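Following: one structure in structure tokens, then a few remarks.
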Amino acid sequence: MTRTVYLNGDYMPETEAKVSIFDRGFLMADGVYEVTSVLDGKLIDFAGHVKRLERSLSELDMKKPACFDDLLAVHRELVARNNLVEGLIYLQITRGSDGDRDFAFPDPETTEPTVVLFTQSKPGLAHSTQSKTGVKIISIEDIRWGRRDIKTVQLLYPSMGKMMAKKAGCDDAWLVEDGYVTEGTSNNAYIIKGGRIITRQLSNDILHGITRAAVLRFAREAQMEVEERSFTIEEAQGAEEAFTTSASGFVMPVVEVDGVALGDGTPGPVARRLREIYLEESLKAAI
Ligand code: PDD
Numbered sequence: 001m002t003r004t005v006y007l008n009g010d011y012m013p014e015t016e017a018k019v020s021i022f023d024r025g026f027l028m029a030d031g032v033y034e035v036t037s038v039l040d041g042k043l044i045d046f047a048g049h050v051k052r053l054e055r056s057l058s059e060l061d062m063k064k065p066a067c068f069d070d071l072l073a074v075h076r077e078l079v080a081r082n083n084l085v086e087g088l089i090y091l092q093i094t095r096g097s098d099g100d101r102d103f104a105f106p107d108p109e110t111t112e113p114t115v116v117l118f119t120q121s122k123p124g125l126a127h128s129t130q131s132k133t134g135v136k137i138i139s140i141e142d143i144r145w146g147r148r149d150i151k152t153v154q155l156l157y158p159s160m161g162k163m164m165a166k167k168a169g170c171d172d173a174w175l176v177e178d179g180y181v182t183e184g185t186s187n188n189a190y191i192i193k194g195g196r197i198i199t200r201q202l203s204n205d206i207l208h209g210i211t212r213a214a215v216l217r218f219a220r221e222a223q224m225e226v227e228e229r230s231f232t233i234e235e236a237q238g239a240e241e242a243f244t245t246s247a248s249g250f251v252m253p254v255v256e257v258d259g260v261a262l263g264d265g266t267p268g269p270v271a272r273r274l275r276e277i278y279l280e281e282s283l284k285a286a287i
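Rendered as structure tokens:
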């Protein structure tokens, strides 16, 4: 089925959406993005994603596109036009194109950002097989740039990380810097020790996950103890459980780290409970 996508103010069939070869997103990875999940035709954590988008734009001195205040309506229109019940909405804003290639930013007065949104239908996202079996991860060195708090479209290394995991017969990779886990290739990383939830503290080293914020809030409300600190792969291998969070995976149990099974090698009770709470509460608040 041909999707209806959004490009710079217009809705059109995906086959008709065209962006300039001089677009800085294409030439320089000069762009930011957000991924919002859709369950029961409704947007999960929408306000959080827009807030982070605004921050990403501002940190890169990118101007807000004209449609910025209409983004909720655009998301909803895409859900409606594509009959999206369960899946994801991808949004990307680049610094646009001034018709040539230059390292210097174009003048924002004359060059408009490029805005693209499209849907991805993922029936069964909330009850995926992976969430029932858990995922196996490998660790790889974190060689990304130093501003991982900005959600940029520089996704080559995360893609390579996922390919390395696949080659090793695993599902994903955790990134390690100076001996400590930063995050997953496209998710935040957690371990459970002595019943406590441990996840790296916020800084420029990791993306400030919207799902992370919600899950930690729900965990604290449920009287679970949370410790925001760095941990090593060795500590993860000795943990009772581990999991990741992201808009596309929600709370995803991790059952193996670098070949070492965690617990009995199946999703642990804390991760399963947090997934349930997250889905239940987020659906209640979905818009
Ligand atoms: N990835 N860390 C990284 C490096 C990410 O790419 C993501 C999200 C997260 C989790 O953030 P959130 O909970 O706001 O989704 C953490 C998205 C889902 C993606 O690239 O598809």
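If you count by the numbering used here, then the sequence shown holds residues 1 to 287, one letter each, in order.
Idealized CB from N, CA, C, for every residue including glycine.
Given the structure is predicted, the values throughout are model-derived calculations rather than measurements.
inquiry  = Rounded to the nearest angstrom, what separates Asp98 and Thr111 at their Cα positions?
reply    = Start at 1 with the first residue of the sequence shown, and residue 98 comes out as number 98. Start at 1 with the first residue of the sequence shown, and residue 111 comes out as number 111. If I take the Cα positions, the gap works out to 6 Å.
Under the three-state DSSP convention, the category Phe46 falls into = If you number the sequence shown from 1, residue 46 lands on position 46. Three-state DSSP puts Phe46 in a helix.
Integer-rounded CB distance, given that Leu39 should sit under 8 Å from Ala126 = Locating residue 126 in the sequence shown gives position 126, counting from the first residue. Locating residue 39 in the sequence shown gives position 39, counting from the first residue. So it is a contact: roughly 6 Å between Cβ atoms.
request  = Grab me the residues of Ile143's own chain with a C-beta within less than 8 Å of its C-beta, minus the 5 sequence neighbours each way, in chain order.
outcome  = As a position in the sequence shown, residue 143 is number 143, starting the count at 1. Excluding residues within five positions, the ones whose Cβ falls inside 8 Å are Tyr157.
ask   = With a Cβ-Cβ cutoff of 8 Å, do Arg3 and Phe103 count as a contact?
value = Within the sequence shown, numbered from 1, the residue matching residue 3 stands at position 3. Within the sequence shown, numbered from 1, the residue matching residue 103 stands at position 103. In this structure, Phe103 does not lie closer than 8 Å to Arg3 by Cβ.
message = With a threshold of 8 Å, are at least 3 pairs of Cβ atoms found where one atom belongs to the stretch 51–68 and the other to the stretch 213–230?
response = no
request  = Report yes if the CB atom of Thr266 is closer than 8 Å to the CB atom of Val255, and no otherwise.
outcome  = Numbered from its first residue, the sequence shown carries residue 266 at position 266. Numbered from its first residue, the sequence shown carries residue 255 at position 255. It is a contact, given that the beta carbons lie within the stated cut-off.
task = Spell out the partners DSSP gives Pro253 in its beta bridges.
result = Within the sequence shown, the letter at position 253 stands for residue 253. Answer is Phe243, bridged to Pro253.
query = Do Val5 and the ligand PDD come close, with the Cβ less than 7 Å from some heavy atom?
reply = In the sequence shown, residue 5 corresponds to position 5, counting from 1. Flag unset: Cβ of Val5 not near the ligand PDD.
message = With a threshold of 8 Å, are at least 3 pairs of Cβ atoms found where one atom belongs to the stretch 223–233 and the other to the stretch 160–173?
response = no
key: Bridge partners - Thr211, DSSP secondary structure assignment   = Your numbering for residue 211 matches position 211 in the sequence shown. Thr211 is not bridged to any residue.
key: Residue environment, Asp264, which counts as buried when at least 16 other CB atoms sit within 10 Å   = What you label residue 264 is simply residue 264 of the sequence shown in a count that begins at 1. Classification for Asp264: exposed.
ask   = Once you ignore the five residues that flank Thr152 on each side, which residues in its own chain have a CB closer than 6 Å to its CB?
value = Position 152 of the sequence shown, counted from the first residue, corresponds to residue 152. Within its own chain, the residues whose Cβ lies closer than 6 Å to the Cβ of Thr152, once the five positions on either side in sequence are excluded, are Val32, listed in chain order.
key: Beta-carbon separation (whole angstroms), Asn188 vs Arg148, contact threshold 8 Å   = The residue you call residue 188 lines up with position 188 of the sequence shown. The residue you call residue 148 lines up with position 148 of the sequence shown. Incorrect: roughly 11 Å between the Cβ atoms, too far for contact.
query = Can you pull the DSSP bridge partners for Ser139?
reply = By one-based count along the sequence shown, residue 139 stands at place 139. According to DSSP, which records beta bridges pairwise, Ser139 is partnered with Trp174.
query = Which two residues bound the contiguous alpha helix (DSSP H) that contains Ile150?
reply = Translated into positions along the sequence shown, residue 150 becomes position 150. Counting along the chain, Ile150 falls outside any alpha helix (DSSP H), and DSSP gives it neither H nor E.
request  = May I ask you to report which of helix, strand or coil DSSP gives Met28?
outcome  = For the purposes of this step, residue 28 is taken as residue 28 along the sequence shown, with counting starting at 1. Note: Met28 maps to helix in three-state DSSP.
inquiry  = Per DSSP, what are the beta-bridge partners of Asp10 in this structure?
reply    = Looking up residue 10 in the sequence shown gives position 10. Answer is Leu7.
Backbone secondary structure at Thr185 - three-state DSSP = Walking along the sequence shown from the start, residue 185 turns up at place 185. Thr185: coil per DSSP, three-state reduction.
For Arg196, the residue or residues it bridges with in DSSP = Position 196 of the sequence shown, counted from the start, is the residue given in the question as residue 196. Beta-bridge pairing links Arg196 to Lys193.
query = In whole angstroms, what separates the C-alpha of Gly195 from that of Gly87?
reply = Translated into positions along the sequence shown, residue 195 becomes position 195. Translated into positions along the sequence shown, residue 87 becomes position 87. When rounded, the distance between both Cα atoms is 32 Å.
Same chain, Cβ closer than 6 Å to Pro123, five either side skipped, listed in chain order = Residue numbering aside, residue 123 sits at position 123 when the sequence shown is read from its first letter. Here the set comprises Glu86.
message = Using only the alpha-carbon positions, how far apart do Lys136 and Ala66 sit?
response = As a position in the sequence shown, residue 136 is number 136, starting the count at 1. As a position in the sequence shown, residue 66 is number 66, starting the count at 1. Roughly 42 Å separates the two Cα atoms.
request  = For Ser37, write down the residues that DSSP places opposite it in a beta bridge.
outcome  = Start at 1 with the first residue of the sequence shown, and residue 37 comes out as number 37. Ser37 pairs with Leu88.
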